Amino acid sequence: MNDQHARTSRVPFLPASRRPRVLTGLLAAGLAGLVSLSGCAGALGEGSPAVSGGAEAPAVPATPPERPSGDPSAPVMPDRSPSAEPSAEPPAPDAKIPRDPAALAAALTRTTAMLRDAVDDWRREGDPAKGQAPEPVVLLSLYEQRLYRHLARNPGVASRTYGKLPKDQAARARDNVTAIRDLLSLAHPVSGPVKFRIEPPEPADVLLDGFRRAGRRFGIDWQVLAAVMLVETKFGRVRSPSYVGAKGPMQFMPGTWKAYGMGGDIEDTTDALLAAANYLHASGAPGDYRRALYAYNHSQAYVDAVLLHARQMKRDIRNYYAYYTWQVYVITTKGERRLSGP
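The sequence shown begins at 125 in my numbering and counts up by one.
Have a look at this one:
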């Protein structure tokens, strides 16, 4: 999109009563049950809700409070289970998930360390601006995602697991598990055939450059834009429109796009990121991210999830590359199904 044209066609701030409603598509599909997440423009996802109505959220700190559970400073307990034996090889796509909190803590600690090393290798020796992530990153990220999803569905086990993790690891796990749990609370299981178009995302550093450019343009933290896209379409993997008609990598409703799309293409990633940043800015960001994200999707659970993921990316950019390789899940009446990845 032409920068000058976008500048001159920017839509001014509109009060909530006059602002086009932005539904979460994938979640709106979330009415269908996709577990990826959607936001301002409408996407079904792991927690992207298509909630209508409701007043704007009051101004509160952008960073959600920690939710204490267990003693995060407690040491990691040794894992005696056979499945927890150290291995230099990344876990298989369907590797067993431990059930014991000590084993889960050990698996998380080991997987996170290996994943960070794999991401460092990818950034140093590979080229995240070209092609897809290397296999070790994909497999380790998938296993970590599956561990978090297991803990999200088992709060008691999660609480005991946090207490067996080092402090930093416990904080990271708590943020991710809480975000996933928030999004799962918004999903509506699919009872019929599952039909979503899934495609590989654009290269990680191409997206990163887009987040940064859009963020600078409208004064939005790039990590917040990235978290919205993660929740909406898992960084563009989900290409199907929502059942209510939300489209594109940021899942915009046509009316919202007309007001904030600045004449761009709703399916184009660069245009969609600029539109999302434009909408968030018009809705109160960066001064009040909670208000802006609530306008994007009328759900406090959605707002919390986006901010938790954004916080992790701010703490360590390697978390962005890990999230980039998270896969798409759909919730059905018979359980969850993974729609992307190995």
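Heads up, the beta-carbon is just placed ideally off N, CA and C, and yes, glycines get one too.
A quick note: this is a predicted structure, and the numbers were derived from the prediction, not measured.
Check                                                                                                                                                              : Outcome
In whole angstroms, give me the CA-to-CA distance for valine 159 and arginine 462.                                                                                 : Because valine 159 carries a pLDDT of 42, less than 50, the predicted location of this residue cannot be relied on, and the following value inherits that uncertainty. If you take the alpha carbons of valine 159 and arginine 462, they lie about 9 Å apart.
Using CA atoms only, rank isn't needed, just tell me which of Thr394, Gly465, Leu263 and Pro252 is closest to glutamine 451.                                       : Gly465
Does the contact criterion of 3 or more C-beta pairs under 8 Å hold for the stretch 363-379 versus the stretch 332-343?                                            : no
Please confirm whether glycine 372 and glutamate 391 have their CB atoms less than 8 Å apart.                                                                      : yes
Pull the bridge partners of isoleucine 322 from the DSSP assignment, please.                                                                                       : Val362
Sort Thr457, Thr449 and Ala429 by Cα distance to arginine 305 and report the nearest one.                                                                          : Ala429
Can you give the Cα-Cα distance for leucine 417 and lysine 438, rounded to whole angstroms?                                                                        : 17 Å
Determine the direct distance from the alpha carbon of lysine 254 to that of aspartate 329, and round the result to whole angstroms.                               : 8 Å
Return the residue from the list Pro217, Leu228, Ala383 and Val352 that minimises the CA-CA distance to methionine 374.                                            : Val352
In the DSSP output, which residue or residues are listed as bridge partners for valine 261?                                                                        : None, per the DSSP bridge assignment.
Taking C-alpha atoms, which residue in Asp345, Phe359, Thr449 and Lys358 lies nearest to alanine 401?                                                              : Asp345
Check the DSSP bridge columns for phenylalanine 376 and list the partner residues they point to.                                                                   : Lys371
Per DSSP, which residues does valine 243 bridge with? Please list them.                                                                                            : In the DSSP output, where bridge partners are listed per residue, valine 243 has none listed.
Sorted by chain position, which residues of the same chain lie with C-beta nearer than 8 Å to glycine 360's C-beta, five sequence neighbours on each side aside?   : Glu323, Pro325, Glu326, Leu331, Met353, Pro373 and Thr393
Per DSSP, valine 330 is paired with what?                                                                                                                          : Per DSSP, none; premise fails for valine 330.
Can you give the beta carbon distance from leucine 275 to proline 215, rounded, assuming they're within the 8 Å contact cut?                                       : The pair is not a contact, with the Cβ atoms about 16 Å apart (cut-off 8 Å).
Work out the CA separation of threonine 457 and leucine 289 for me, nearest whole Å.                                                                               : 33 Å
Tell me where the alpha helix (DSSP H) around asparagine 300 begins and ends.                                                                                      : 291-308
Beta-carbon separation of alanine 237 and tryptophan 246 under 8 Å?                                                                                                : no
Residues in the same chain with beta-carbon distance under 6 Å from alanine 399, minus the five sequence neighbours each way, listed in chain order, please.       : Tyr384 and Gly385
Determine the burial state of isoleucine 455: buried for a count of at least 16 other Cβ atoms within 10 Å of its Cβ, exposed for fewer.                           : buried
Between glutamine 347 and alanine 434, how many whole angstroms is the CB-CB distance? I'm expecting something under 8 Å.                                          : 4 Å
Looking at tyrosine 426: is its Cβ nearer than 8 Å to the Cβ of leucine 404?                                                                                       : no
Sorted by chain position, which residues of the same chain lie with C-beta nearer than 8 Å to aspartate 395's C-beta, five sequence neighbours on each side aside? : Met125, Gly385, Met386, Gly388 and Asp389
Going along the chain, which residues of its own chain have a beta-carbon closer than 7 Å to the beta-carbon of isoleucine 221, five neighbours each way excluded? : Arg270, Leu271 and His274
Can you grab the Cα-Cα spacing for the pair arginine 240 / proline 260, in whole Å?                                                                                : 11 Å
What first and last residue would you give for the alpha helix (DSSP H) that runs through glycine 280?                                                             : 279-286
Just curious, the alpha helix (DSSP H) that histidine 405 is in, first and last residue?                                                                           : 393-406
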